[in-house]
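Beneath this line is the structure, given in structure tokens, with notes to follow.
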Amino acid sequence: MLRRLILLFALLLAPTMAQAQNITPALVAEGRAVPGGEVELAIVMRPKPGWHGYWLNPGDAGLPMQVEWKLPAGFAVAPLRYPVPSRLTVAGLMNYVYERDYALLTRLKVPASATGIVPIRAHASWLACTDKVCVPEQGDFSLDLATGGIAPMDARFNDWRRALPRPLATPAKFDSSDRLLRIAIPLPADVPVAESYVFPATDAVVDYAASQQFRRNGDMLIAELPLKGAAPETFAGVLSAGDGRGFEFSAIAGEVPSGGTAIAGSGGNDAVLFAVLGALIGGILLNLMPCVFPILAIKALHLARSGGDEREARRDAVAYAAGAILGTGALGLALLAIRAGGTAAGWAFQLQDPRTIMLLMLLSVAITLNLLRVFELPVVAGNARPAGSFGAGALAAFVATPCAGPFLGAALGTALLLPVGGSVLVFAALGLGLALPFVAVAFIPALRQILPSPGRWMQRLQRFLAIPMAATAIGCLWLLYRQGGDAAVLIGVLAASIVAAVFALLGRWQRSGERLLWPAAAVAIAVAAAAVVLVPQRSAPAATAGSTWSTDAVRAATTQGKPAFVYFTADWCLTCKANEAAAINRESVTRAFDKAGVKVFVGDWTDGDPAITRFLESRGRAGVPLYLWYEPGKAQPEELPQILTPSMLTSRALRGR
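If you count by mature numbering (1 follows the signal peptide of the UniProt record, and there is no 0), then the sequence shown holds residues -20 to -1, 1 to 637, one letter each, in order.
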């Protein structure tokens, strides 16, 4: 009723004020429309000083924007996505508003038949207000959108996406009593929530002007909101954590933990510090993980070369570290950009695409041939310092980070919830940790003296270490089959054969004194580009030793009184496969599981299943592996270490008998 009165009052003022537009709108596109794809659109709203617009739930007063799209046949738009609003209290009424320029984002779906210039039109109405008066306004949006081709992307969209709340995958739980709505929001304990406030997307449930209380209970943030009406069946909102950051959640009725610690102080710097330290330690330990076995050849060569001239070794180590840091930082930025676009993606997202696997396979073939001394490649052999060392560090970062080892999973999971600056710092710390052992060898003379002097043994070591690189290429072919079928394998074998022939000829030319590296590299790059373009995108079903994971299936098993073991894996995760071979698929473990009636569920993340991505995020993880043990009657599962042994599993199975 109140909003209707405000609107009526505004309409009465309309004849005298409607001519002056107090919030100026504009419709812009991030880039060209790709036929068969999507393009991001933004409705940019620019209030005059002293005026404000409204969030999707305006609060005690106001009205949200209404948009009527006029699109060509086959085009469609997604719901509008609003940035995190701010609060404005006027005459005791709480308003959820935007007092500065803001952008509402949506995705435009483009049909495959789209050609030429496409007219995008819309008519919108909104309410513009000051602290004294409100004016209903309207306007027509017009955008002539070009299709196909390549054009520069509008960099402003990155800032607009950062202003959006980040969605939380796991549903929150709420209950109500004593005229309070209590909401348990799943949020890792090290994510800063100093200036918390819940903006309710569900209208007419809570008292907007009343104060909100918050407490922390482990990985749950408990919000207590005074009720205004009856308890809802579901509840949705945005948790504001200060500094413009927000987390979008939906809640269902359920148990809300009691107790906890009242929120006080900022805690933001601590969260970034702990995440950076976790990534740094995780990067160091990543050197001991199976994920890194394929690039031990590169690292061993750099260690051996560190035994030479001190100044040269230090310069080489710094360049290698810079490549690793920028490599992990670039992957982190790409991941943040993909997630900002609304796609559920996690760490090692690049290995969920057969085109990336094709590129990695051809790189592995080239490095294998180099280690066998078929030809000389400065990036791997380090003959073009420091550029070669920098390239080797970047390549190491790309190849060595598919799996999340100890400390790393929690750190990267937290990074995805931090502000962009903190996130990039965490990803960069991962690269530093990956390179730190080589920096230590270069800058600590005592460590360098332990290394043997460079000599002919290095050539023998190179040839021996070509074995894991060749195994990587074979493994990539298997992944191509899993992700793209027979056609992908055929294209991969053909491309690898051509690349091998080109580099074999290059080696002959190099031994005869010819310097034709760049022409040969250009041919190899052209072959790789053609293979990447031609590789099919069809996904093959995964064969797993267990039932397919879903939260409903796990809940059904535990409800029946059976323990459940859940493991999240991917074909490209070497740590995962090592654990499966050494622990999960052992006969003793299978026998113990059968006797105890343990239900085994497998979450295969090879192709980047969005449901698994969201579940990993809810556990504060950004990648695999993840191992969970569910006991009947217990609300929360036990999280097992990322390096498993058979005894860890059999002891839990015996405990449940």
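The beta carbon of each residue, even a glycine, is placed where N, CA and C say it ideally should be.
{"query": "Residue range of the unbroken alpha helix (DSSP H) whose run includes residue 337", "result": "334 to 351"}
{"query": "Sub-9 Å separation of residue 78 and residue 25 beta-carbons", "result": "yes"}
{"query": "Segment limits, alpha helix (DSSP H) that includes residue 74", "result": "No alpha helix (DSSP H) holds residue 74; the beta strand (DSSP E) holding it covers 73 to 78."}
{"query": "The region 235 to 244 in contact with the region 210 to 217 per 3-pair CB rule at 8 Å", "result": "no"}
{"query": "Cβ separation of residue 151 and residue 231, assumed to be a contact under 8 Å, to the nearest whole Å", "result": "6 Å"}
{"query": "Exposed unless 16 or more other CB atoms sit within 10 angstroms - verdict on residue 15", "result": "exposed"}
{"query": "Run of the alpha helix (DSSP H) containing residue 574, from where it starts to where it stops", "result": "567 to 576"}
{"query": "Beta-carbon proximity list for residue 57, same chain, < 8 Å, skipping 5 on both sides", "result": "21, 49, 51, 86, 87, 88 and 89"}
{"query": "Residue interval of the alpha helix (DSSP H) (run including residue 504)", "result": "497 to 514"}
{"query": "Pair within 9 Å by beta-carbon distance, residue 548 and residue 578", "result": "no"}
{"query": "Per-residue DSSP class, three states only, for residue 136", "result": "helix"}
{"query": "Residues of its chain near residue -17, where Cβ-Cβ distance is below 8 Å and the 5 sequence neighbours each way are ignored", "result": "Residue confidence is low: residue -17 scores 41 on pLDDT, short of 50, so the model does not pin down where it sits. Its coordinate-derived value is still stated next. Taken in chain order, the list of residues that qualify is empty."}
{"query": "Alpha helix (DSSP H) segments (min. 4 residues) lying fully within the region 132 to 186", "result": "136 to 142"}
{"query": "For residue 34: DSSP bridge partner residues", "result": "77"}
{"query": "Within the region 4 to 64, ranges of the beta strand (DSSP E) (whole runs, at least 3 residues)", "result": "18 to 27, 33 to 39 and 46 to 50"}
{"query": "Stretch-stretch touch, CB-based, cutoff 8 Å, three pairs: the region 345 to 353 with the region 477 to 487", "result": "yes"}
{"query": "Cα-Cα separation, residue 312 to residue 141", "result": "16 Å"}
{"query": "Residue 197 (DSSP reduced to helix, strand or coil)", "result": "strand"}
{"query": "Nearest candidate by alpha-carbon position, reference residue 239, set 436, 164 and 496", "result": "164"}
{"query": "Given residue 416 as reference, the closest of 161, 266 and 154 once Cα atoms are compared", "result": "266"}
{"query": "Cβ-Cβ distance between residue 120 and residue 104 below 9 Å", "result": "yes"}
{"query": "Burial state of residue 308 (16 or more Cβ within 10 Å)", "result": "buried"}
{"query": "Residue 538: first and last residue of the uninterrupted alpha helix (DSSP H) it sits in", "result": "531 to 539"}
{"query": "For residue 469, the three-state DSSP class (helix, strand or coil)", "result": "helix"}
{"query": "Spatially closest choice to residue 210 from 194, 84 and 182, by CA coordinates", "result": "182"}
{"query": "Which of helix, strand or coil DSSP assigns to residue 629", "result": "helix"}
{"query": "Boundaries of the beta strand (DSSP E) in which residue 92 is found, first to last residue", "result": "Run containing residue 92: none; DSSP gives neither H nor E here."}
{"query": "Inter-stretch contact (C-beta, 8 Å, three-pair minimum) for the region 59 to 78 and the region 32 to 49", "result": "yes"}
{"query": "Residues bridged to residue 556 (per DSSP)", "result": "Bridge partners of residue 556: none, in fact."}
{"query": "Cα-Cα separation between residue -10 and residue 91, rounded to whole angstroms", "result": "Bear in mind that a pLDDT of 45 at residue -10, under 50, signals an unreliable position, so the number given afterwards is only what the model happens to contain. If I take the Cα positions, the gap works out to 40 Å."}
{"query": "Residue 592 versus residue 186: straight-line alpha-carbon distance, rounded", "result": "33 Å"}
{"query": "Option in 495, 132, 595 and 509 with minimal Cα separation from residue 529", "result": "595"}
{"query": "Cβ separation of residue 569 and residue 612, assumed to be a contact under 8 Å, to the nearest whole Å", "result": "Not a contact, Cβ separation roughly 20 Å."}
{"query": "Nearest-angstrom Cβ-Cβ length linking residue 341 and residue 453, presumed shorter than 8 Å", "result": "5 Å"}
{"query": "Closest Cα partner of residue 336 within the set 290, 208 and 508", "result": "508"}
{"query": "Where residue 506 falls, given that 16 or more other Cβ within 10 Å makes a residue buried", "result": "exposed"}
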